[in-house]
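Read through the structure below, which is laid out as structure tokens, and then see the notes.
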Amino acid sequence: MINAREIAGRVDRLHSSMEATGIRALLVTGPKNVEYLTGRDTGRVLVTLDGDFLWTKELYKELYAGLYSDKNYPYAVNVYEKDAIKAQVKKMRIRKLSVDNLPCFSYEKLYKDLKTKLAACELVERQRAVKSELEIALLRKSAALAEKGMERAYDVACAGVREIDALALIEYEIRRRGSDSPPFNDGMLLSSGKDSADVHAKAGTKRIGKNTTVVVDLGARYCGYYSDMTRTLEVGCVDAKTRGLLEFVDSLRGEAIDRICPGVRAGDIHAYIEGRIEEKGYKFYHSSGHGVGLNVHELPALGKDSDDVLTENMVCTIEPGIYVPGRFGIRFEDMVLLKKDKTEVLTR
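Spelled out as structure tokens, the structure:
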């Protein structure tokens, strides 16, 4: 569980980033950003260089009093009332207010309510991309739960079994082992045969065939932190060409992981994977990976146009894949922790 010292450290890091970028006040409303900065996914947060404030409902102030009243907790915690944030902004004479990512209609409403200059800001999301030691420990635990689910997948994804039945047994294994929620909240991906050519195919009622492939994309969630891994299982004996592609994509995953280190541009990792797949005569239809944390998809983005630079203590996925409509899909994915002088695969 996230404690007050961890929260205080996150706020201190954010203060440093704000000073470095000339930001004096930041309003945070996104639930995951709020959770990251406060330890709970409820309320509104105003972080400034002159003091930090959290507004929440009276119910939650009482429920989470143990955390909110800790001497190390960095916020002045208040019960939310209408126009409370507006009053605080006016009281502090904030002329320019940075805000985390908001939908356009929310941005416009906020501007009308506060009547102060607003500026979009990604500081919290950027900070979340670099994990603390506590976050890394939670991600390790989440990855270990995912591994148990994948072990179960190898047992139950067999010829003659309905896809949806295999999925139910795998998800049950992940939940009974201690996952906060089903994989990715709305469930894992499992598809076999020609249906696996759909990158995001869901399990159906059809039975897994003989001598085919099954794509299993799953994860867990532990103390709010997600995990994500994919394997393509061979059921029976596939033809030599398909087996060759299975070996190629699996090997490419390892090659790409070996190229990851602090200072590398995320887009260059994607370019390498895409180039190798195109050399093989196929197209690559999705990004090469993504950060993992309080969201299953977060920064850094390992895509074609990404300028993100990989740094120490980032946790991201690597997921090359080949998809042939009407035939099959093949994908392998692992979570990787970037260390100072090496990488560590968290999902073996």
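Take the sequence shown: its position 148, counting from 1, is numbered 516 in the working numbering, and each next residue is one higher. Yeah, the Cβ is synthetic: ideal placement off N, Cα and C, and Gly gets one too.
| Item | Value |
| --- | --- |
| Quick one: Cα of G377 to Cα of Y441, how far? | 10 Å |
| Return yes when the Cβ of L422 is within less than 8 Å of the Cβ of Y404, no when it is not. | no |
| Quick one: Cα of I628 to Cα of L678, how far? | 8 Å |
| Please list, in chain order, all residues of the same chain as I641 whose beta carbon is under 7 Å from its beta carbon, the five residues on each side excluded. | L620, A624, F652, S656, P688 |
| Judging by CA-CA distance, which residue of L706, G528, K562 is the nearest neighbour of L581? | The sequence shown places Thr at residue 581, not Leu. Taking only the C-alpha atoms, the option nearest T581 is K562. |
| Specify the secondary structure class of E687 as computed by DSSP and reduced to three states. | coil |
| Is the beta carbon of S510 sitting closer than 8 Å to the one on S595? | yes |
| Does the distance from the CB of E541 to the CB of K516 come in under 8 Å? | yes |
| Give the single residue among F696, D709, C684 whose Cα lies nearest to the Cα of R508. | C684 |
| Tell me the rounded alpha-carbon separation between A388 and N681. | 21 Å |
| So K454 is in the alpha helix (DSSP H); what residue range does that whole segment cover? | 452-459 |
| Taking a contact to mean a Cβ-Cβ separation below 8 Å, would you say A525 touches V603 in this structure? | yes |
| For the stretch 628-674, which segments carrying the alpha helix (DSSP H) assignment without a break, of at least 4 residues, lie completely within its bounds, in sequence order? | 634-647 |
| DSSP on C419, reduced to helix/strand/coil? | Checking the sequence, you will find Gly at residue 419 rather than Cys. In this structure, G419 counts as strand in the three-state DSSP scheme. |
| Around the Cβ of M703, are there at least 16 other Cβ atoms within 10 angstroms (buried) or fewer (exposed)? | buried |
| Out of K477, G587, A452, point me to the one whose CA is closest to K425's CA. | A452 |
| Below 7 Å CB to CB, which residues in the same chain sit around A372 once its five sequence neighbours on both sides are set aside? | L435, D438, N440, Y441 |
| Kindly indicate which residue of G419, G661, H383, K609 has the alpha-carbon position closest to the one of R695. | K609 |
| Use the C-beta contact count for I637: other C-beta atoms within 10 angstroms, 16 or more gives buried, fewer gives exposed. | buried |
| Between the alpha carbons of D618 and L394, how many angstroms are there, rounded? | 43 Å |
| To which residues does DSSP link K499 through a beta bridge? | Looking at the DSSP assignment, K499 forms no beta bridge with any residue, so it has no partner. |
| Looking only at C-alpha atoms, which of D626, R716, K672 sits nearest to K710? | D626 |
| How many Å lie between L382 and D523 at the Cα? | 46 Å |
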